[in-house]
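Numbering (this note's numbering), first residue to last: 226 to 388. Worksheet: one structure, shown below.
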Ligand code: FES
């Protein structure tokens with residue numbers, strides 16, 4: 226089954242040219258990014274197709290896709306708010322903000338709002354520990370730093386307006 230669209234196959238071929246033929250597995254991360262861009266998330270069937278392209282076992286793809294939080298293993302909303310929940314951000318209020326957002330959106334971390342707009346995803350350190358609490362929102366992966374409840378309200382209003 227071909228789930229990755231034909232137009233992206235040439236992008237994949239270009240990436241594969243960067244690696245020796247017997248080291249195709251090295252292209253796994255960029256190819257997973259393409260696969261996710263196409264579909265919005267990575268269902269098992271697409272990860273299996275990636276394994277086939279790279280001549281590796283499907284489990285090797287699952288291991289990598291499940292390790293990195295930028296890959297989504299279930300359907301996500303249009304905006305994925307990744308919230309750092311590592312110690313330094315928790316010390317300045319990240320957990321409280323997570324609860325605030327869960328209540329505001331009526332979901333818990335890992336879930337998506339019923340309108341399909343926003344997913345809350347807890348992640349580990351986003352490397353901006355001095356300006357926590359920190360959020361990151363894809364697909365551009367902009368950072369939102371020194372977050373507060375007031376900033377969360379503005380951010381969610383903005384995302385709802387953008388739709
Ligand atoms: S602990 Fe949150 S960005 Fe590092």
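A virtual CB, placed ideally from N, CA and C, is assigned to each residue, including glycine.
Query                                                                                                                                                                 : Result
Among the residues of its own chain, which have a CB less than 8 Å from the CB of residue 286, if the five just before and after it don't count?                      : 253, 257, 272, 273, 275, 276 and 279
By a C-beta neighbour count over all protein chains shown, 10 Å radius and 16 as the cutoff for buried, is residue 284 buried or exposed?                             : exposed
If we ignore side chains and look at the alpha-carbon of each, how far apart do residue 326 and residue 234 end up?                                                   : 39 Å
By the DSSP assignment, the alpha helix (DSSP H) with residue 314 in it spans what residues?                                                                          : 312-316
If you drop the 5 nearest sequence neighbours on each side, which residues of the same chain put their C-beta closer than 7 Å to that of residue 311?                 : 349 and 350
Taking 8 Å as the cut-off, decide whether the C-beta atoms of residue 259 and residue 237 are in contact.                                                             : yes
Between residue 377 and the ligand FES, is the CB less than 7 Å from at least one heavy atom?                                                                         : no
Anyone know if the C-beta pair for residue 293 and residue 362 falls short of 8 Å?                                                                                    : no
On the premise that residue 360 lies in contact with residue 320, defined as a C-beta separation below 8 Å, what is that separation, rounded to the nearest angstrom? : Rounded, the Cβ-Cβ distance is 13 Å, inconsistent with contact.
Got a sec? Which residues, its chain only, sit under 8 Å from residue 330 by beta carbon, not counting five neighbours each side?                                     : 338, 343, 345 and 381
So the alpha helix (DSSP H) residue 275 belongs to, where does it begin and stop?                                                                                     : 269-279
Could you check whether the Cβ of residue 345 sits closer than 7 Å to any heavy atom belonging to the ligand FES?                                                     : no
Counting along the chain, where does the beta strand (DSSP E) carrying residue 361 start and finish?                                                                  : 360-362
On a Cα-Cα basis, can you pick out the residue from 374, 246, 268 and 372 that is closest to residue 301?                                                             : 268
Can you list the residues near the ligand FES, meaning Cβ strictly closer than 5 Å to any non-hydrogen atom, in the order they appear in the chain?                   : 309, 311, 313, 314, 350, 351, 353, 354, 357 and 359
Closest to residue 295 by CA distance: which of 354, 366, 352 and 328 is it?                                                                                          : 366
Please name the residue, chosen from 263, 250 and 383, that lies closest to residue 288 on a Cα-to-Cα basis.                                                          : 250
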